[in-house]
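A.B. asks:
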Amino acid sequence: MTCATHIEIEKVQALLNALQKNDQIQATVLLDELTQLRESELYQRLSSLTNNLHDTLDGLVDNRLLLQTKHDLPDVTERLEYVLSSTDEACSKTLSSTERAMDLSESIALLIQENSNKNLSEPLQKQLNGLTTKLDTELTNILLAQSFQDLTGQVLNRVLLTVSALEQSLIQLISDSRHDYDAIPDKEDDEQKQDEMKGIGPNVTQKSKQNSVDSQDAVDDLLDDLGI
Amino acid sequence: MQMNRDMNILVVDDFSTMRRIVKNLLKELGFHKFDEADDGATAWPMVQTGKYDFIVSDWNMPNMSGLDLLKHVRSDANLQNTPFLLITAEAKRSQILEAAQAGVDGYIVKPFTAATLNAKIHKIFERVAERQNG
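Protein sequences, first through last, are from chains A and B.
Quick note: our numbering has the first sequence finishing at residue 229, numbered continuously throughout.
Quick note: our numbering has the second sequence finishing at residue 172, numbered continuously throughout.
Rendered as structure tokens:
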């Protein structure tokens with residue numbers, strides 16, 4: 002192994018002599034001198050590594066990694082959270098409607114029972130009971146199908162944890178390489194525009210909601226203003 | 039076997055969707071007394087009141103998992119015989135083994151069907167009845 006630090010044999014000999022004479026004070030001083038050399042070398046190496054890292058991050062195409070860390074990862078998080086909350090909302094609505102439909106089916110079953118031997122012929126009553134039973138089965142199927150929200154939600158929560166851990170690691174890397182995270186600029190307007198022209202899907206993040214319309218009325222108003 | 043449809047059931051899951059689904063399915067089976075908790079830590083003090091005859095719980099939840107809740111229940115002299123059903127997406131053999139060792143009475147993997155839930159509940163309470171008679 003090559004070593005930049007030169008350990009002087011005289012110093013080591015002196016340390017040995019001091020130890021043999023049981024001169025603890027002198028031994029400590031000599032040992033400190035020897036290790037200090039090693040420590041300062043270690044420091045130099047670390048600092049050169051840091052500079053390398055700094056240059057490497059600088060060299061990455063247009064600071065892509067810096068921009069991605071600051072803008073794309075939080076964007077991913079926000080989008081995943083949107084999926085979580087919107088599926089939760091949709092499932093909630095579906096469950097409420099299904100529950101109400103189940104109540105209705107129960108009311109129908111009760112009416113059939115009350116009217117047996119009265120207005121209803123026996124074959125008709127049988128037929129109606131068969132239908133409400135089938136209806137209940139279908140409603141239960143709708144109910145159970147909503148369990149996808151729990152399963153996909155658990156998966157998304159795991160992905161969210163991973164993404165935010167990755168984000169933290171990258172932020173740490175950026176600060177370790179002596180870059181200023183806060184000084185990382187916003188995305189260039191023309192890049193943003195290019196993305197928009199390709200289509201960017203629903204505007205679900207705080208940032209993407211800026212400069213977007215939130216209703217058909219707003220679209221109509223805008224078109225109206227443009228004379229269309 | 040006659041199941042007591044008036045028993046108090048605690049449904050534990052961090053996803054409200056799943057709590058509603060389980061409650062509705064239990065309602066279909068004739069049960070009507072439910073309480074809900076959104077994780078083990080919320081459920082445990084409720085369980086400690088001794089109110090519940092049956093616990094249906096998810097596994098993967100924040101603060102306290104369903105497995106830990108099960109272990110708490112099994113290590114409490116007053117509660118240790120409470121029937122405990124896990125309904126969970128955790129499906130590794132090692133996990134199922136762990137749950138079995140912790141003393142779970144039934145284990146349903148999500149997604150599940152109403153028929154499965156019905157069958158497991160019947161099985162659990164058949165065994166409870168056998169324990170009581172034997």
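Glycine included, C-beta positions come from ideal geometry on N, C-alpha and C.
Taking C-alpha atoms, which residue in B/Trp97, B/Gln139, B/Thr120 lies nearest to B/Ala127?
C.D. replies: Along the second sequence, one-based indexing puts residue 127 of chain B at 89. Measuring from the Cα of B/Ala127, the nearest candidate turns out to be B/Trp97.
A.B. asks: How would you list, in chain order, the residues of chain E whose beta-carbon sits under 7 Å from the beta-carbon of A/Gln155?
C.D. replies: This model lacks chain E altogether; the protein chains it does include are A and B.
A.B. asks: Identify the residues that DSSP records as bridge partners of B/Glu74: which are they?
C.D. replies: To locate residue 74 of chain B, count along the second sequence from 1; it is residue 36. B/Val49.
A.B. asks: Assuming the contact rule is C-beta atoms closer than 8 Å, B/Phe122 and B/Asp143 should be a hit. Round their C-beta distance to whole Å, please.
C.D. replies: Within the second sequence, the letter at position 84 stands for residue 122 of chain B. Within the second sequence, the letter at position 105 stands for residue 143 of chain B. The Cβ separation is near 5 Å, so the contact holds.
A.B. asks: When the cut-off is 8 Å and only beta carbons count, does B/Asn116 lie next to chain A?
C.D. replies: As a first step, residue 116 of chain B must be located in the second sequence, where it is residue number 78. Not closer than 8 Å to any Cβ of chain A, the Cβ of B/Asn116 fails to qualify, so no.
A.B. asks: How many angstroms separate the CA atom of A/Thr3 from the CA atom of A/Thr206?
C.D. replies: Numbered from its first residue, the first sequence carries residue 3 of chain A at position 2. Numbered from its first residue, the first sequence carries residue 206 of chain A at position 205. Note that A/Thr3 scores 47 on pLDDT, short of 50, meaning its location in the model is unreliable; the coordinates nonetheless yield the value given after this. Rounded to the nearest angstrom, the two C-alpha atoms are 54 Å apart.
A.B. asks: So that I know if they touch, is there some Cβ in chain A lying closer than 8 Å to that of B/Leu48?
C.D. replies: In the second sequence, residue 48 of chain B corresponds to position 10, counting from 1. Answer no: the Cβ-Cβ gap between B/Leu48 and chain A never drops below 8 Å.
A.B. asks: So B/Glu181 contacts chain A; which residues on that side make the cut at Cβ distance below 7 Å?
C.D. replies: Only positions 39 to 172 of chain B appear in the structure, and residue 181 of chain B is not among them; the question remains open.
A.B. asks: Assuming the contact rule is C-beta atoms closer than 8 Å, A/Leu157 and A/Val77 should be a hit. Round their C-beta distance to whole Å, please.
C.D. replies: Within the first sequence, numbered from 1, the residue matching residue 157 of chain A stands at position 156. Within the first sequence, numbered from 1, the residue matching residue 77 of chain A stands at position 76. Contact flag wrong, Cβ pair sits at about 11 Å.
A.B. asks: Note down, one range per segment and in chain order, each alpha helix (DSSP H) of at least 4 residues found wholly within the stretch 21–79 of chain A.
C.D. replies: With a minimum length of 4 residues, the continuous alpha helix (DSSP H) runs that stay inside the stretch 21–79 of chain A are 25–60, 65–68.
A.B. asks: Using a C-beta cutoff of 8 Å, does B/Ala152 count as contacting chain A?
C.D. replies: Here residue 152 of chain B refers to the residue found at position 114 of the second sequence. It does: the Cβ of B/Ala152 has a partner Cβ on chain A nearer than 8 Å.
A.B. asks: Take the Cβ of B/Leu48 as the centre, count every other Cβ of all protein chains shown within 10 Å, and call the residue buried at 16 or more, exposed below.
C.D. replies: Locating residue 48 of chain B in the second sequence gives position 10, where the first residue counts as 1. B/Leu48 comes out buried.
A.B. asks: Would you call the stretch 137–145 of chain A and the stretch 90–103 of chain A in contact, with 3 or more CB pairs under 8 Å?
C.D. replies: The answer is yes - the stretch 90–103 of chain A touches the stretch 137–145 of chain A, with three or more Cβ pairs under 8 Å.
A.B. asks: State yes or no: is the beta carbon of B/Ile93 nearer than 8 Å to at least one beta carbon in chain A?
C.D. replies: Stepping through the second sequence from its first residue, residue 93 of chain B is reached at position 55. It does not; no Cβ of chain A falls within 8 Å.
A.B. asks: Mapping DSSP to helix, strand and coil, what is A/Val214?
C.D. replies: Indexing the first sequence from 1 puts residue 214 of chain A at position 213. Correct three-state label for A/Val214: coil.
A.B. asks: Under the three-state reduction of DSSP, which class applies to A/Tyr182: helix, strand or coil?
C.D. replies: The sequence position of residue 182 of chain A within the first sequence is 181, counting from 1. A/Tyr182: helix per DSSP, three-state reduction.
A.B. asks: Could you say if the stretch 68–76 of chain B and the stretch 48–58 of chain B meet the contact criterion of at least three C-beta pairs nearer than 8 Å?
C.D. replies: Counting Cβ pairs under 8 Å, three or more are found: they touch.
A.B. asks: When the cut-off is 8 Å and only beta carbons count, does A/Gln147 lie next to chain B?
C.D. replies: For the purposes of this step, residue 147 of chain A is taken as the residue at position 146 of the first sequence. So, interface residue.
A.B. asks: Could you give the DSSP three-state label for B/Phe163: helix, strand or coil?
C.D. replies: For the purposes of this step, residue 163 of chain B is taken as residue 125 along the second sequence, with counting starting at 1. Note: B/Phe163 maps to helix in three-state DSSP.
A.B. asks: Distance, Cα to Cα, B/Asp114 vs B/Trp82?
C.D. replies: Here residue 114 of chain B is taken as the residue at index 76 of the second sequence, counted from 1. Here residue 82 of chain B is taken as the residue at index 44 of the second sequence, counted from 1. One C-alpha to the other measures close to 11 Å.
A.B. asks: Can you round the beta-carbon distance between A/Ser178 and A/Thr51 to whole angstroms, since I take them to be within the 8 Å contact cut?
C.D. replies: Within the first sequence, residue 178 of chain A is the residue found at index 177, counting from 1. Within the first sequence, residue 51 of chain A is the residue found at index 50, counting from 1. Sure, about 6 Å apart at Cβ, within 8 Å.
A.B. asks: Below 8 Å between beta carbons: does that hold for A/Asp196 and B/Thr55?
C.D. replies: Against the first sequence, residue 196 of chain A aligns to sequence position 195. Against the second sequence, residue 55 of chain B aligns to sequence position 17. No; because the gap between Cβ atoms is not below 8 Å, this pair is not in contact.
A.B. asks: Note down, in chain order, all residues in the stretch 100–112 of chain A with a beta-carbon under 9 Å from any beta-carbon belonging to chain B.
C.D. replies: Under the 9 Å Cβ criterion, the stretch 100–112 of chain A contributes Glu100, Met103.
A.B. asks: For A/Thr70 and A/Asp183, what's the separation of their Cα atoms in angstroms?
C.D. replies: In the first sequence, residue 70 of chain A corresponds to position 69, counting from 1. In the first sequence, residue 183 of chain A corresponds to position 182, counting from 1. Approximately 11 Å, taken between the alpha carbons.
A.B. asks: CB B/Ile146 to CB B/Ile125, shorter than 8 Å?
C.D. replies: Here residue 146 of chain B refers to the residue found at position 108 of the second sequence. Here residue 125 of chain B refers to the residue found at position 87 of the second sequence. Closer than 8 Å, so yes.
A.B. asks: What does B/Gly144 pair with, by DSSP beta-bridge criteria?
C.D. replies: Numbered from 1 along the second sequence, position 106 holds the residue referred to as residue 144 of chain B. In the DSSP output, where bridge partners are listed per residue, B/Gly144 has B/Leu123.
A.B. asks: So with CB distances below 9 Å, who are the chain A contacts of B/Arg43?
C.D. replies: Working through the second sequence from its first residue, we reach residue 43 of chain B at position 5. Chain A residues near B/Arg43: none, gap ~16 Å exceeds 9 Å.
A.B. asks: Indicate whether A/Leu32 and A/Leu54 have their beta-carbon atoms separated by less than 8 Å.
C.D. replies: Numbered from 1 along the first sequence, position 31 holds the residue referred to as residue 32 of chain A. Numbered from 1 along the first sequence, position 53 holds the residue referred to as residue 54 of chain A. Not a contact, by the Cβ cut-off of 8 Å.
A.B. asks: What's the call for A/His180, buried or exposed, on a 16-neighbour Cβ count within 10 Å?
C.D. replies: Position 179 of the first sequence, counted from the first residue, corresponds to residue 180 of chain A. Buried, since its Cβ has 16 or more Cβ neighbours within 10 Å.
A.B. asks: Do B/Leu63 and B/Ala152 have their CB atoms nearer than 8 Å?
C.D. replies: As a working mapping, residue 63 of chain B is identified with position 25 in the second sequence. As a working mapping, residue 152 of chain B is identified with position 114 in the second sequence. Yes; because the gap between Cβ atoms is below 8 Å, this pair is in contact.
A.B. asks: Name, please, each residue of chain A whose Cβ falls closer than 7 Å to the Cβ of B/Phe53.
C.D. replies: One-based indexing of the second sequence puts residue 53 of chain B at position 15. Those are Gln150, Asp151, Gly154, listed as they occur along chain A.
A.B. asks: Could you check the C-alpha separation between A/Val62 and A/Ile201 for me, to the nearest Å?
C.D. replies: Position 61 of the first sequence, counted from the start, is the residue given in the question as residue 62 of chain A. Position 200 of the first sequence, counted from the start, is the residue given in the question as residue 201 of chain A. Per-residue confidence for A/Val62 stands at a pLDDT of 49, beneath the threshold of 50, marking its modelled position as unreliable; no derived number is given.
A.B. asks: When the Cα atoms are used, what is the spatial distance from A/Leu81 to B/Lys89?
C.D. replies: On the first sequence, residue 81 of chain A is found 80 positions in, with the first residue counted as 1. On the second sequence, residue 89 of chain B is found 51 positions in, with the first residue counted as 1. About 39 Å.
A.B. asks: Measuring only the C-alpha atoms, how far is B/Phe163 from B/Met41?
C.D. replies: Numbered from its first residue, the second sequence carries residue 163 of chain B at position 125. Numbered from its first residue, the second sequence carries residue 41 of chain B at position 3. Approximately 7 Å between the Cα atoms of the pair.
A.B. asks: Any C-beta of chain B sitting closer than 8 Å to the C-beta of A/Ser93?
C.D. replies: Taking the first sequence and counting its residues from 1, the one referred to as residue 93 of chain A is at position 92. So, interface residue.
A.B. asks: Tell me the DSSP secondary structure of A/Phe149 in three-state form.
C.D. replies: For the purposes of this step, residue 149 of chain A is taken as residue 148 along the first sequence, with counting starting at 1. It is helical.
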